[in-house]
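Protein chains in written order, with my numbering: chain A, 53 to 488; chain B, -18 to 242. A virtual CB, placed ideally from N, CA and C, is assigned to each residue, including glycine.
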Amino acid sequence: MTTETNLSFDKDFVRSFSTEMNEPAWMEEFRLKAFELSETLPMPRPDKTKIDKWNFTQFETHTVKSSSYTLLAELPEEVQALIGEEAAAKNLYIQRNMTPAYISLAEELKGQGVIFTDIFTAIREHSELVQKYFLTEAVKIDEHRLIALHAALVNGGAFLYIPKNVEIKEPIHSIYLHDDADTNLFNHVIVVADDNSSVTYVENYLSTLESANGVFNIVTEVIAKAGAKVQYGAVDTLAKGITTYVNRRGSAGRDARIEWALGLMNEGNTISENTTNLMGDGAYGDTKTVVVGRGEQTQNFTTKVVHYGRNTEGYILKHGVMKDSASSIFNGIGHILHGASKSNAEQESRVLMLSEKARGDANPILLIDEDDVTAGHAASVGRVDPVQLYYLMSRGIPKKEAERLVIHGFLAPVVNQLPIEGVKKQLTAVIERKVR
Amino acid sequence: MAGSTLTIKDLHVEIDGKEILKGVNLEIKGGEIHAIMGPNGTGKSTLSSAIMGHPKYEVTSGSIMLDDQNVLEMEVDERARAGLFLAMQYPSEINGVTNADFLRSALNSRLGEGNEISLMKFIRKMDKQMEFLEMDLDMAQRYLNEGFSGGEKKRNEILQLMMLEPKIAILDEIDSGLDIDALKVVSKGINQMRGEDFGCLVITHYQRLLNYITPDYVHVMMQGRVVKSGGPELAQRLEAEGYDWIKQELGIEDETVGQEA
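So, in structure tokens, the structure goes:
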């Protein structure tokens, strides 16, 4: 087996890209160091999914140019649908492939010191702030090859900073639109909520292409400082043929809360890691994930909450439906470290398989290194109950519609609990499309 | 004549390779209420499941016709849309699907594309029927049968019956597990449906239900066949004397399926 990266990109390329983007010296050095690391570090090992045949490192283009939008009316229909009401577009970033294509932030928020911009602008204009958080606190540059490669080649993303005590009512929304088949995306999103601030951030990874060959390597870092509250919603709908590595990780300080609402609806092979590190005493992490797999895709969803602080609470709730020949692994990990006394780790994973060929596996894992804690897990994997379908059909509902009801019903307990109304609506629409 | 006719001829049904029904003959017309009585294990529920098309039951010979339509060639949902309804003994619980969404979907499937009932009209209709059945109105928003008590499930079956207005309904032990008040309410629902266009087959082992729903015809099932038919007086005699006299009359020692006379 060969594990050589054999990249089509070299140090000179990285250097010149950094120069082209007008980046400060630290960023160029950071990229070069990451590039070196990417040549030696091992690949990640998602539990129970073999990825050595997956292509995360071979691709032809790193830089694609797309035109931007001056008016929201120019946006494609699919994007319009995500934005919805005019009012919701107040705090909006749209990235088209890797090009920052539209940005808007309410004047009131600017006045309060909120920063919301594309990652390149942030690196240039808020250099020190970005440097402080870029792969330093939540995710580390040397974890494995894909993170290092990501750092070397970052070509998109957003930066959101909420100053101390600022509470943002309206959601901040990012849309990463994929409409160029040559795109390979290394997207980096940083959300920093300073002490006692609060924010709801919602993002969409959206392909308008039917299928494409490409590599998407996405890293998100959420830093919730003492007493801060971050609600993070995401609905991913990347096209068939796109191989995705997506790592969304949060770090919660003392009494901070991070709540994730994730709809992982990519059509291609996907490795998704979602980790919440409860660093401070009294920190709270909650992850709700909904998945629909279909076609031939293979996916791995690892959700993890690590308890460092005392009195921390971590909750994981995942429901997935597998259709056709789709297969998925649902790993749920609750880890309470020594010293994290009076903490509570709860998780529930449920998988429903709709066809003979669909595969689903739920692995609940509890790692407890402390005595004075509470923890619990529930997991189930099963097929649609033919007696349930019979019951629904006996009232005149056709089989397809009966299956649709059962699937919606299976996902509803998670969807209904999602803390962000917009994400709930979007997800319901995506699920409807995928299960029809 | 306005109503439909369900005709069952020489019906043989197996489950897991074991023959349960051994030649059932029955005709139910619109406007008629038939009761099938009989002790446990004689094939009553199998008959109802076979008519509706439960996946576990295999019809090996015989026929079921609804007017001129061959029921055995239809899928379960087609049978329902043709006008059959089965109030089940053990209704499924379906998580995440509200009672209202389910019923609306069922009703619209029946009405067909382009003829769907408006949401307002649907809600009014559902509220009205729920009030009639003395059901808590918030049961419309609860998940289908989930966490319902035995009595609530049975009322919910009758609610579906009243909303869907089938031509022929089969009630499979709708009275089991009901207290007297619930039994009265359920009976009230069924009596409300009575009319020229509505035929009904009530399956029960107790005469009790028939005090509230007076049948036109009473049949007794034993060993997978209808062994005796008569009018309402037959049910009363069964209530007073039990089943032994029939067994004696017919020379049956063990009335359950698998035993031969």
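For the beta strand (DSSP E) that contains Arg312(A), what are its first and last residues?
Translated into the one-based positions of the first sequence, residue 312(A) becomes position 260. Note that residue 312(A) is Trp in the sequence shown, not Arg. 309 to 316 is the span of the beta strand (DSSP E), which, as asked, contains Trp312(A).
So is Met405(A) in contact with chain B if we call contact Cβ pairs under 7 Å?
Taking the first residue of the first sequence as position 1, residue 405(A) is located at position 353. No, because no Cβ of chain B sits closer than 7 Å to the Cβ of Met405(A).
So is Asp58(B) in contact with chain A if we call contact Cβ pairs under 7 Å?
Counting from 1 along the second sequence, the entry for residue 58(B) is found at position 77. Yes, contact with chain A.
Within 10 angstroms of the Cβ of Asn58(A), are there 16 or more other Cβ atoms? Answer buried if so, exposed if not.
Counting from one through the first sequence, the residue named residue 58(A) turns up at place 6. Reliability fails at Asn58(A), whose pLDDT of 48 lies under 50, so the model's placement of it is uncertain and no value is given.
Just list the residues that DSSP pairs Ile45(B) with in beta bridges.
Stepping through the second sequence from its first residue, residue 45(B) is reached at position 64. Note: Ile45(B) sits in a beta bridge opposite Ile(-11)(B).
Please name the residue in Ala278(A), Gln183(A), Ala153(A), His196(A) whose C-alpha comes closest to that of Pro215(A).
Taking the first residue of the first sequence as position 1, residue 215(A) is located at position 163. Per the Cα distances, Ala278(A).
May I ask which residues mark the beginning and end of the beta strand (DSSP E) holding Ser432(A)?
Against the first sequence, residue 432(A) aligns to sequence position 380. Element bounds for Ser432(A): 426 to 435.
Check each candidate in Leu145(B), Asn80(B), Gln217(B) and name the one with the smallest Cα separation from Glu97(B).
Your numbering for residue 97(B) matches position 116 in the second sequence. Among Leu145(B), Asn80(B), Gln217(B), the Cα nearest to that of Glu97(B) belongs to Leu145(B).
Return the bridge partner residues of Tyr257(A) from the DSSP annotation.
Your numbering for residue 257(A) matches position 205 in the first sequence. Tyr257(A) is bridged to Tyr228(A), Asp288(A).
Quick one, are the C-beta atoms of Gly320(A) and Gly293(A) less than 7 Å apart?
In the first sequence, counting from the first residue as 1, residue 320(A) sits at position 268. In the first sequence, counting from the first residue as 1, residue 293(A) sits at position 241. Yes, Cβ-Cβ distance for Gly320(A) and Gly293(A) is below 7 Å.
Going along the region 341 to 375 of chain A in order, which residues come within less than 8 Å of chain B, judged by CB to CB distance?
none
State the start and end residues of the unbroken beta strand (DSSP E) segment that holds Pro152(A).
Indexing the first sequence from 1 puts residue 152(A) at position 100. Segment 151 to 156, the beta strand (DSSP E) holding Pro152(A).
Should Glu56(A) be labelled buried (16 or more other beta-carbon atoms within 10 Å of its own) or exposed?
As a position in the first sequence, residue 56(A) is number 4, starting the count at 1. Bear in mind that a pLDDT of 45 at Glu56(A), under 50, signals an unreliable position, so the model cannot answer this.
Stretch pair the region 15 to 29 of chain B + the region 199 to 212 of chain B: three plus CB contacts closer than 8 Å
yes
Return the chain-ordered list of same chain residues with a C-beta closer than 6 Å to the C-beta of Ser324(A), the five sequence neighbours on each side being excluded.
Along the first sequence, read from residue 1 onward, the residue named residue 324(A) stands at position 272. If we look at Ser324(A) and ignore the five residues flanking it on each side, its Cβ neighbours are Val298, Leu316, Phe353.
Within 10 Å of its beta-carbon, does His390(A) have 16 or more other beta-carbons around it, so buried, or fewer, so exposed?
To locate residue 390(A), count along the first sequence from 1; it is residue 338. That one is exposed.
If distances are taken between C-alpha atoms only, which option among Ser250(A), Ser432(A), Glu453(A) comes closest to Leu441(A)?
In the first sequence, residue 441(A) corresponds to position 389, counting from 1. Among Ser250(A), Ser432(A), Glu453(A), the Cα nearest to that of Leu441(A) is on Glu453(A).
With a threshold of 16 other CB atoms inside 10 Å of the CB of Lys63(A), please say whether the residue is buried or exposed.
In the first sequence, counting from the first residue as 1, residue 63(A) sits at position 11. By the 10 Å Cβ count, Lys63(A) comes out exposed.
In chain order, what residues of the same chain lie with their CB nearer than 6 Å to the CB of Asp194(A), ignoring the 5 residues before and after it?
Taking the first residue of the first sequence as 1, we reach residue 194(A) at position 142. Contacts found: Leu89.
Taking 7 Å as the threshold (beta carbon to beta carbon), is Leu28(B) in contact with chain A?
Taking the second sequence and counting its residues from 1, one reaches residue 28(B) at position 47. Not closer than 7 Å to any Cβ of chain A, the Cβ of Leu28(B) fails to qualify, so no.
Glu13(B) and Gly180(B) look like a contact to me (Cβ under 8 Å); what is the Cβ gap, rounded to whole Å?
Here residue 13(B) refers to the residue found at position 32 of the second sequence. Here residue 180(B) refers to the residue found at position 199 of the second sequence. The Cβ separation is near 5 Å, so the contact holds.
Contact criterion: CB-CB distance below 7 Å. Does Val439(A) meet it with respect to chain B?
The sequence position of residue 439(A) within the first sequence is 387, counting from 1. Interface residue, yes.
Since Phe268(A) is in the alpha helix (DSSP H), which residue starts that stretch and which ends it?
The residue given as residue 268(A) occupies position 216 in the first sequence. Per DSSP, Phe268(A) belongs to no alpha helix (DSSP H); it is in the beta strand (DSSP E), 263 to 276.
Nearest to Lys148(B) (by Cα), restricted to the options Leu182(B), Leu140(B), Gly211(B)
Within the second sequence, numbered from 1, the residue matching residue 148(B) stands at position 167. The candidate whose alpha carbon is nearest that of Lys148(B) is Leu182(B).
Going by C-alpha to C-alpha distance, which of Arg91(B), Ile75(B), Glu0(B) sits closest to Phe129(B)?
Here residue 129(B) refers to the residue found at position 148 of the second sequence. Of the candidates Arg91(B), Ile75(B), Glu0(B), the one whose C-alpha sits nearest the C-alpha of Phe129(B) is Ile75(B).
What whole-angstrom Cβ distance do Phe66(B) and Leu142(B) have, given they're in contact under 8 Å?
In the second sequence, residue 66(B) corresponds to position 85, counting from 1. In the second sequence, residue 142(B) corresponds to position 161, counting from 1. Sure, about 6 Å apart at Cβ, within 8 Å.
Cβ-Cβ distance between Gly77(B) and Pro471(A) below 7 Å
Position 96 of the second sequence holds residue 77(B). Position 419 of the first sequence holds residue 471(A). No.
In the region 70 to 85 of chain B, which residues sit with their C-beta less than 7 Å from some C-beta in chain A, listed in chain order?
Pro72, Ser73, Ile75, Asn76, Gly77, Val78, Phe83
What would DSSP say about Met405(A), mapped onto helix, strand or coil?
Working through the first sequence from its first residue, we reach residue 405(A) at position 353. Met405(A): strand per DSSP, three-state reduction.
Does the region 167 to 176 of chain A touch the region 190 to 209 of chain A, meaning 3 or more C-beta pairs lie closer than 8 Å?
yes
In whole angstroms, what is the alpha-carbon distance linking Val238(B) and Lys228(B)?
To locate residue 238(B), count along the second sequence from 1; it is residue 257. To locate residue 228(B), count along the second sequence from 1; it is residue 247. The alpha-carbon atoms of Val238(B) and Lys228(B) are separated by roughly 14 Å.
Determine the chain A residues that contact Glu33(B) at a beta-carbon separation under 7 Å, and present them in chain order.
For the purposes of this step, residue 33(B) is taken as the residue at position 52 of the second sequence. The sequence shown places Met at residue 33(B), not Glu. Residues of chain A passing the Cβ test: Ser446.
From the DSSP output, in three-state form, read off Val201(B) for me.
Position 220 of the second sequence, counted from the first residue, corresponds to residue 201(B). Here Val201(B) sits in strand by DSSP.
The region 31 to 50 of chain B / the region 477 to 484 of chain A touching (three or more Cβ pairs under 8 Å):
no
Assign Thr355(A) to buried or exposed, taking buried as 16 or more other Cβ atoms, counted over all protein chains shown, within 10 Å of its Cβ.
For this step, residue 355(A) is matched to residue 303 along the first sequence. Thr355(A) comes out buried.
If Leu229(A) and Gln351(A) are in contact, beta carbons under 8 Å, what's the gap, nearest whole angstrom?
Stepping through the first sequence from its first residue, residue 229(A) is reached at position 177. Stepping through the first sequence from its first residue, residue 351(A) is reached at position 299. Not a contact, Cβ separation roughly 22 Å.
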